[in-house]
Amino acid sequence: MSDNQTRMQESLAKTYELATRAFGAPELSGPRATATPQSMYAELTAREPVRDLGDGFYSVLRMDDILHLTRHPDVKQASEFLGSDRPAIPLGLDGPEHTKYRKLLDPSFTAKRIAPLEPTIREQAHQLIDRFVDAGKVDAYLAWCEPLPSTIFLSIMGLPMKDLEDFLHFKNLTLGNDPAAGFSAEQRIARRGEAVQWIQQYFDRDLEEREQEATPRDDMIGSLLSTEVDGHRLSREEILDILGLLMIAGLDTVTASLACFLSYLARHPEQRARIVEKPEILPSAIEELMRFESPVAEGYRKTVKPVELPSGSTLPAGAYVHISWSAANLDADFFDDPQKVDLERRPNRHIGFASGFHRCLGSHLARLELVTAMAVWHERIPQYRIEDGAKLTYSANPRAPHALPLVW
Amino acid sequence: MARVRVDEELCTGHGRCYALAPTVYDADDTGHCLVPKPEVPDALLEQAKLGESSCPEGAITVEE
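Same order as they appear, the protein sequences are chains A and B.
FYI, in the numbering used here the residues of the first sequence are 1 to 408.
FYI, in the numbering used here the residues of the second sequence are 409 to 472.
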């Protein structure tokens with residue numbers, strides 16, 4: 001086994017252990033599997049804001065501690081390897097190398113650069129709804145939340161829509177790290193390896209084609225191919241690593257968000273009515289639902305030196321730290337009445353897109369996708385509810401009901 | 409007049425400031441906070457404070 005493969009196995013094993021120790025106990029994993037974990041987080045944060053999980057594993061729940069950790073130079077990314085045996089770019093990197101890649105990538109993902117994608121997102125959202133709107137019922141997760149970010153991704157990357165089914169299949173293999181799926185560590189690593197290989201070959205074929213063309217295409221990959229910082233351009237390998245990361249970071253996250261939001265609004269008709277009456281509150285409503293639902297529930301870090309937290313505890317060097325965006329977003333020191341959903345909450349300084357160095361690169365694209373998709377859904381299907389008798393079970397991270405039967 | 413200060417070390421480009429208070433805050437090429445006119449007249453004070461309170465990193469300070 002190569003050095004990198006050993007490191008990857010260790011990293012995956014450590015973060016899996018961390019997740020299990022942090023929220024594996026039934027009194028914690030139980031609420032997380034339901035639609036309403038919020039009071040569990042509030043109670044846990046109040047009781048034990050910094051939990052020593054033994055053997056160098058810790059869990060941190062307060063906003064102030066998490067803000068401190070995520071911007072601290074002695075705190076590194078813990079989940080470096082997201083599929084292949086090269087660190088994910090830029091999520092798996094830290095320090096000057098990380099900054100170099102963020103400087104290269106940030107310009108392609110600003111709100112201004114993303115804005116022209118709105119018509120594409122609208123079109124994809126509508127097209128998927130066309131298939132089931134007249135049926136009066138649908139598993140919204142399967143038929144809309146899951147495929148939509150992938151169709152948008154293929155569109156933005158200039159890849160053919162006919163590849164969607166294959167793409168979804170291998171995308172799902174890449175991301176099978178849910179403890180509940182029951183695979184052994186070896187099985188998970190093997191599945192991921194196979195999937196990442198397929199995805200990278202798939203992108204590689206596309207990059208080969210582009211190399212034959214005289215002018216770069218006017219799309220996201222074209223932008224990545226021509227972007228340059230301090231005379232440095234991205235190599236083929238770097239682009240493959242970045243595209244792999246964009247897939248992992250940009251698909252299931254948006255899927256989970258859409259599913260959490262629809263689930264919430266299906267169960268709260270008075271809130272849904274406000275969105276239907278005043279669609280202009282959608283941007284603010286999306287921020288509040290991001291805060292309350294925190295579809296990406298957590299991140300993992302490790303300390304390379306001891307770190308003193310604002311709340312008073314000190315984490316030792318070499319600590320593996322579970323960071324709960326979910327808990328931080330319900331912190332009463334930062335939000336008035338945090339257990340209440342106010343779709344026009346202002347201010348709303350949530351960290352549903354993470355905080356510090358690894359603040360989500362795609363947050364502007366995500367927001368555009370979420371606001372646009374939810375606007376389209378409510379234009380087409382303003383009234384809906386959860387099918388009678390349906391029981392929703394949520395995955396841990398990203399958090400989502402993987403079956404969402406709606407009727408209208 | 410109030411003065412808007414942005415701690416560039418803390419700004420990570422969430423973009424809430426320029427999304428909510430575009431009369432005071434703008435974005436640079438990488439999506440980080442840019443304040444074209446740091447001296448803020450009373451008419452724009454509320455917007456300046458909205459940007460300040462909306463920053464998840466606490467990178468903005470409005471000094472009155």
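Built from N, CA and C at the ideal position, the CB exists for glycine as well.
Name, please, each residue of chain E whose Cβ falls closer than 9 angstroms to the Cβ of residue i.
i: CYS463/B; result: Protein chains in the displayed structure are A and B, and chain E is not among them.
Per DSSP, which one or two residues make a beta bridge with residue i?
i: GLU308/A; result: THR314/A
i: THR469/B; result: ARG413/B
i: TYR394/A; result: PRO401/A
i: GLY423/B; result: Paired residues: none, contrary to the question.
i: CYS441/B; result: ALA435/B
i: LEU18/A; result: In the DSSP output, where bridge partners are listed per residue, LEU18/A has none listed.
i: LEU406/A; result: VAL138/A and ILE386/A
i: GLN77/A; result: ARG301/A
i: GLU447/B; result: ARG411/B
i: ARG233/A; result: GLU228/A
Anything in chain B within Cβ reach of residue i, meaning under 9 angstroms, just list it in chain order.
i: ALA111/A; result: GLY423, TYR426, ALA427, ALA435 and GLY439
i: ASP106/A; result: GLY421, ASP437, THR438, GLY439 and HIS440
i: LYS103/A; result: THR438
i: LEU353/A; result: According to the sequence displayed, residue 353/A carries Phe and not Leu. What PHE353/A touches in chain B: HIS422 and PRO464.
i: ARG359/A; result: THR420, GLY421, HIS422, PRO464 and GLU465
Let's see if you can read the secondary structure: which residues bound the alpha helix (DSSP H) around residue i?
i: ILE121/A; result: 118 to 130
i: LYS64/A; result: The amino acid at residue 64/A is misidentified as Lys; the sequence shows Asp. Note, ASP64/A: alpha helix (DSSP H), 63 to 70.
i: ILE114/A; result: 111 to 114
i: THR253/A; result: 252 to 267
i: LEU224/A; result: 220 to 226
i: LEU44/A; result: 38 to 47
i: ILE286/A; result: 282 to 293
i: MET374/A; result: 363 to 380
i: PHE153/A; result: 147 to 156
i: LYS103/A; result: 95 to 105
i: GLU27/A; result: 26 to 32
Report back the beta-carbon spacing between residue i and residue j to the nearest angstrom; my notes put them in contact at under 8 angstroms.
i: LEU343/A; j: ALA285/A; result: 4 angstroms
i: CYS419/B; j: GLU471/B; result: Contact flag wrong, Cβ pair sits at about 17 angstroms.
i: ASP337/A; j: ARG62/A; result: With 8 angstroms as the limit, ASP337/A and ARG62/A do not qualify as a contact, their Cβ atoms being about 18 angstroms apart.
i: VAL448/B; j: VAL432/B; result: 6 angstroms
i: PRO216/A; j: LEU207/A; result: With a Cβ gap of about 11 angstroms, PRO216/A and LEU207/A do not count as contacting.
i: GLU238/A; j: ILE386/A; result: Contact doesn't hold; Cβ gap of about 44 angstroms is too wide.
i: LEU406/A; j: TYR384/A; result: 5 angstroms
i: ALA366/A; j: LEU148/A; result: Not a contact, Cβ separation roughly 12 angstroms.
Name the chain A residues whose beta carbon is nearer than 8 angstroms to that of residue i?
i: LEU418/B; result: ARG71
i: LEU458/B; result: ARG346 and PRO347
Would you give the residue range spanned by the beta strand (DSSP E) that residue i belongs to?
i: ASP139/A; result: 137 to 139
i: GLN339/A; result: Counting along the chain, GLN339/A falls outside any beta strand (DSSP E), and DSSP gives it neither H nor E.
i: ILE86/A; result: Checking the sequence, you will find Arg at residue 86/A rather than Ile. Run containing ARG86/A: none; DSSP gives neither H nor E here.
i: LEU53/A; result: 50 to 54
i: HIS322/A; result: 320 to 324
i: GLU298/A; result: 298 to 303
i: PHE57/A; result: 57 to 60
i: GLN455/B; result: From DSSP, GLN455/B is part of no beta strand (DSSP E) but of the alpha helix (DSSP H) over 453 to 462.
Against residue i, what residues of chain B qualify as contacts under a CB-to-CB distance less than 8 angstroms, listed in chain order?
i: HIS364/A; result: GLY423 and GLY439
i: GLY356/A; result: THR420 and GLU465
i: LEU368/A; result: Chain B residues near LEU368/A: none, gap ~11 angstroms exceeds 8 angstroms.
Against residue i, what residues of chain B qualify as contacts under a CB-to-CB distance less than 7 angstroms, listed in chain order?
i: LYS278/A; result: Within 7 angstroms Cβ-Cβ: nothing; LYS278/A doesn't reach chain B, min ~17 angstroms.
i: LEU343/A; result: Ordered by position in chain B, no residue passes the 7 angstroms Cβ test against LEU343/A, which lies about 15 angstroms from the chain.
i: LEU224/A; result: Per Cβ cutoff of 7 angstroms: no residues; LEU224/A is ~15 angstroms from chain B at best.
Validate contact between the segment 323 to 332 of chain A and the segment 292 to 300 of chain A using beta carbons, cut 8 angstroms, 3 pairs | The segment 323 to 332 of chain A vs the segment 292 to 300 of chain A: in contact.
Does the segment 93 to 108 of chain A come close enough to the segment 437 to 446 of chain B to have 3 or more Cβ pairs within less than 8 angstroms?
-> At 8 angstroms Cβ cutoff, the stretches touch.
Between the segment 19 to 36 of chain A and the segment 393 to 401 of chain A, are three or more C-beta pairs nearer than 8 angstroms?
-> Between the segment 19 to 36 of chain A and the segment 393 to 401 of chain A, the count of C-beta pairs closer than 8 angstroms reaches three or more; the two stretches touch.
Is there contact here, the segment 157 to 171 of chain A with the segment 410 to 424 of chain B, by at least three beta-carbon pairs under 8 angstroms?
-> Judged by Cβ distances under 8 angstroms, the segment 157 to 171 of chain A makes no contact with the segment 410 to 424 of chain B, as fewer than three pairs qualify.
Inspect the CB distances between the segment 12 to 23 of chain A and the segment 307 to 325 of chain A and report whether three or more fall short of 8 angstroms.
-> Between the segment 12 to 23 of chain A and the segment 307 to 325 of chain A, the count of Cβ pairs shorter than 8 angstroms is three or higher; the stretches touch.
Give a yes or no on contact between the segment 261 to 271 of chain A and the segment 372 to 388 of chain A, applying the rule of three or more CB pairs nearer than 8 angstroms.
-> When Cβ pairs closer than 8 angstroms are counted between the two stretches, the segment 261 to 271 of chain A is seen to touch the segment 372 to 388 of chain A, the count reaching three or more.
Quick one: any contact between the segment 347 to 364 of chain A and the segment 53 to 67 of chain A, if contact means 3 or more CB pairs under 8 angstroms?
-> Cβ pair count under 8 angstroms is three or more, so yes.
Would you check if there are 3 or more beta carbon pairs closer than 8 angstroms linking the segment 119 to 136 of chain A to the segment 148 to 155 of chain A?
-> Yes: at least three Cβ pairs fall under 8 angstroms.
The segment 137 to 146 of chain A / the segment 200 to 216 of chain A touching (three or more Cβ pairs under 8 angstroms) | The segment 137 to 146 of chain A vs the segment 200 to 216 of chain A: no contact.
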